[in-house]
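Undergrad:
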Amino acid sequence: MHLTGLDLLFWAAGFGAHLILLSVLLIRRRFKQFPIFTAFIFANVLRTIALYFVGRLGTKAAYFYTFWSLGILDTLLQVSVVYEMYALTFRPLGRWARDTRAAFKRLAMSTIVVAAGLTWLAAPHARLWIQVVVIKGTFFSSVLMSELFVGMIALSVKAGLPWKTHVARISQGLGLYSAVDVLVEAGHSYFGVGPSAQIYTTLSHVRMSAYLTCVGYWVVMLWREAPAGREMPGRFLSQLIQLKDVADSDLERIRVRK
Amino acid sequence: MVDSRTVVFFVAIAAFLVLMATIAIRSYRRARKSSDGDWEHLLKRLQVVDRSSIAEVALDIIDESGQQRRDEGSALLKPEQIWKLVGGLKGLEVLKTNCAVLIDLAFYVQQWYPEALVVAEELRLSAREIEWHVERLKSAERTGKLKSAFAMYAQPAVGKYYLMTQRLLALYEQGNLPMLADLRKAL
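Taken in order, these protein sequences are the chains called S and Y. Residue 239 in the working numbering is what sits at position 239 of the first sequence, and the numbering runs on without skipping anything. The working numbering runs 1000 ahead of the 1-based position in the second sequence.
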């Protein structure tokens, strides 16, 4: 497979950025709070190494299958990262907040329907059916991811559940990257894979630049410590307990009357 | 030449991205509003209502301590009277707004005071459920079934509101907070 100097630069930059991020996650011990996110970054490092050796030593077909197999794994890990961010936000006491369960179901249904609808509208210009599947699959994934992150923001605000600092930073990075990816994949769909694949490659470089920016953002934000919690004045705590008791007793009354 | 399906595709993408950006920006603004300021500022967002009317509706079914009244003189108000005293849908909106203040209060506490997480989460859940009951009343109003639903939900909800304002006043008194006089005047 022929790689240009720019391709190699992106390859090296991506590999280096993932290694730095992985080091940050290990040194700052963030892997304890974000095991799935750490696995996602670690898988990206392994993926780059595997593709390097398959590209150098394997056939074109072997590279193709390795690339897309690992791409599917990458997408599954991204969805798992979304789950991790949801769990860290919507399980404040170690179990899913009961007032958000119905909203989760509605969100899951609507995100899949919208992503499927937009993917159905896409009509990629490609010679092979597998190229159509690949373009449509990555487009569906990017739309779904951006929806899930925006849905997470909206749901947490509606429910009144705050984000932990690092959860917010990881989600912002992945959410913004997904939004850029929607545009890139829409471009991939429109321009398709021509004989020279030049536009396809240029768009891929735009996507990689966005992702590298996102990884850089994570490196800086995950290196920094989250603001320390404040010690609650005893007076405020007792006020809060009283308010909670009133809300509970009133709620019981409303339930009885139902 | 661009075909019509491609045009529809790009219009749909543009609409999708605008919608996502709008939801994200609005949510961020609301989150910032919930966490900005301090405890006193959050409590100050409590909306003003006609306290005597609210008290009349509430004390028809509960006593000052919040206990259910079972004497002969209790539960005499008719739904139409309650509707008028509460101030109709506007009055219900106030109830909902004040529940939102409670939710913001829990948001604020969870964000800044990790050791109060359990209490804050329970308060948040209670406030969310109360909000849900008010929402049901509003839905009933929209479908023209408010009359039957009102008797079931409105008076207990107003009772809750009344007790909550009473409690807030007491909290301001206990905490000796600076805006107590203003709040008393407003309530």
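All C-beta atoms in this analysis are idealised placements derived from N, C-alpha and C, irrespective of residue type, glycine included. Predicted model only: the values in this text are computed from it and were never measured.
Take Y/Arg-1124 as the anchor and find which of S/Trp-223, S/Phe-90, S/Leu-128 has the nearest alpha-carbon.
TA: The residue with the shortest Cα to Cα distance from Y/Arg-1124 is S/Phe-90.
Undergrad: For S/Val-256, count neighbouring Cβ atoms within 10 angstroms of its own Cβ and tell me buried if that reaches 16, exposed if not.
TA: Because the pLDDT of S/Val-256 is 49, which lies under 50, any placement of that residue in the model is unreliable, and the number read from its coordinates should be weighed accordingly. When all chains shown are included, S/Val-256 counts as exposed.
Undergrad: Assign Y/Gln-1068 to one of three DSSP states: helix, strand, or coil.
TA: Strand at Y/Gln-1068.
Undergrad: What's the call for Y/Leu-1105, buried or exposed, on a 16-neighbour Cβ count within 10 Å?
TA: Its Cβ being crowded by 16 or more others within 10 Å, Y/Leu-1105 is buried.
Undergrad: Against Y/Asp-986, what residues of chain S qualify as contacts under a CB-to-CB distance less than 9 Å, listed in chain order?
TA: Residue 986 of chain Y is absent from the model: chain Y starts at 1001 and stops at 1187.
Undergrad: What distance in whole Å lies between the Cβ atoms of S/Ala-39 and S/Leu-77, which are believed to be in contact at a cut-off of 8 Å?
TA: Between S/Ala-39 and S/Leu-77 the Cβ distance is about 7 Å, and since that is below 8 Å, they are a contact.
Undergrad: By the three-class DSSP mapping on this structure, what secondary structure does Y/Ile-1062 have?
TA: Of the three classes helix, strand and coil, the one that applies to Y/Ile-1062 here is strand, per DSSP.
Undergrad: Taking S/Ser-153 as the query, report the chain Y residues whose CB atoms sit under 9 Å from its CB, ordered along the chain.
TA: Reading off the sequence, residue 153 of chain S comes out as Ile, not Ser. The contacting residues are Ile-1023, Ala-1024, Ser-1027, Tyr-1028, Ala-1031.
Undergrad: What's the call for Y/Leu-1146, buried or exposed, on a 16-neighbour Cβ count within 10 Å?
TA: Buried, since its Cβ has 16 or more Cβ neighbours within 10 Å.
Undergrad: What in chain Y is Cβ-close to S/Ala-123, meaning under 9 Å?
TA: By Cβ distance, chain Y contributes Asp-1003, Arg-1005, Thr-1006, Phe-1009.
Undergrad: Can at least three beta-carbon pairs, one atom from the stretch 154 to 161 of chain S and one from the stretch 1013 to 1033 of chain Y, be found at a separation below 8 Å?
TA: The answer is yes - the stretch 1013 to 1033 of chain Y touches the stretch 154 to 161 of chain S, with three or more Cβ pairs under 8 Å.
Undergrad: With the cut-off set at 8 Å, would you say S/Thr-138 and S/Glu-185 are in Cβ contact?
TA: Cβ distance < 8 Å, so S/Thr-138 and S/Glu-185 count as in contact.
Undergrad: Where do the N-terminal and C-terminal ends of the alpha helix (DSSP H) with S/Leu-57 fall, by residue?
TA: Run containing S/Leu-57: 35 to 57, per the alpha helix (DSSP H) assignment.
Undergrad: To be precise: take each residue of the stretch 126 to 148 of chain S, compare its Cβ to all Cβ atoms of chain Y, and keep it if any distance is under 9 Å. Which residues remain?
TA: Those residues of the stretch 126 to 148 of chain S that come within reach of chain Y (Cβ to Cβ, closer than 9 Å) are Val-143, Ser-146, Glu-147.
Undergrad: Which residues of chain Y have a Cβ atom closer than 8 Å to the Cβ of S/Arg-98, listed in chain order?
TA: Correct list: Leu-1125.
Undergrad: Could you check whether the Cβ of Y/Arg-1128 sits closer than 8 Å to any Cβ belonging to chain S?
TA: Output row for Y/Arg-1128: interface = yes.
Undergrad: Taking 8 Å as the threshold (C-beta atoms), are Y/Val-1094 and Y/Gln-1155 in contact?
TA: Against a cut-off of 8 Å, the Cβ pair of Y/Val-1094 and Y/Gln-1155 comes out as no contact.
Undergrad: Kindly indicate if chain Y contains any beta-carbon less than 8 Å away from that of S/Val-182.
TA: Cβ-Cβ to chain Y under 8 Å: yes for S/Val-182.
Undergrad: Can you tell me the Cβ-Cβ gap for S/Leu-118 and Y/Ile-1013, rounded? I've got them flagged as a contact below 8 Å.
TA: About 7 Å separates the two Cβ atoms, so the contact holds.
Undergrad: Can you confirm whether Y/Phe-1150, when its beta carbon is compared against all beta carbons of chain S, has any partner nearer than 8 Å?
TA: Judged by the 8 Å Cβ criterion, Y/Phe-1150 is not in contact with chain S.
Undergrad: State the Cα-Cα distance for the pair S/Thr-100 and S/Glu-84, rounded to the nearest angstrom.
TA: In a straight line, the C-alpha of S/Thr-100 is about 16 Å away from that of S/Glu-84.
Undergrad: Flag this pair as yes or no: are the beta carbons of S/Ser-142 and S/Val-182 separated by less than 8 Å?
TA: Yes, Cβ-Cβ distance for S/Ser-142 and S/Val-182 is below 8 Å.
Undergrad: Taking Y/Ala-1110 and Y/Glu-1121 to be in contact with their CB atoms under 8 Å, please state how far apart those CB atoms are, rounded to whole angstroms.
TA: Note on identity: in this sequence residue 1110 of chain Y is Gln, with Ala being the wrong assignment. Indeed they touch by this definition, with Cβ atoms about 7 Å apart.
Undergrad: Measuring CB to CB, does S/Phe-140 end up less than 8 Å from S/Ala-115?
TA: Result yes, Cβ atoms of S/Phe-140 and S/Ala-115 sit closer than 8 Å.
Undergrad: Per DSSP, what kind of secondary structure is Y/Leu-1019 in: helix, strand or coil?
TA: Looking at Y/Leu-1019 - three-state DSSP - the assignment turns out to be helix.
Undergrad: Taking 7 Å as the limit between beta carbons, can you name the residues of its chain near S/Leu-88, skipping five residues before and five after?
TA: Lys-164, Val-167, listed in sequence order.
Undergrad: Is it a yes or a no for the stretch 123 to 130 of chain S touching the stretch 190 to 207 of chain S, going by three-plus beta-carbon pairs under 8 Å?
TA: Yes, since at least three Cβ pairs between the stretch 123 to 130 of chain S and the stretch 190 to 207 of chain S fall closer than 8 Å, the two stretches touch.
Undergrad: Counting only the same chain and skipping the five closest in sequence on each side, list residues whose C-beta sits under 6 Å from that of S/Gly-173.
TA: So the qualifying residues of the chain are Cys-214, Tyr-217, Trp-218.
Undergrad: Under the three-state reduction of DSSP, which class applies to Y/Gly-1073: helix, strand or coil?
TA: Reduced to three states, the DSSP call for Y/Gly-1073 is coil.
Undergrad: So, are the CB atoms of Y/Ile-1061 and Y/Gly-1159 less than 8 Å apart?
TA: Result yes, Cβ atoms of Y/Ile-1061 and Y/Gly-1159 sit closer than 8 Å.
Undergrad: Using a Cβ cut-off of 9 Å, pull out every chain S residue sitting near Y/Ala-1058, in sequence order please.
TA: By Cβ distance, chain S contributes nothing, its closest Cβ being about 10 Å from Y/Ala-1058, past 9 Å.
Undergrad: Give the DSSP-derived three-state secondary structure of Y/Glu-1093 in the structure shown.
TA: Helix.
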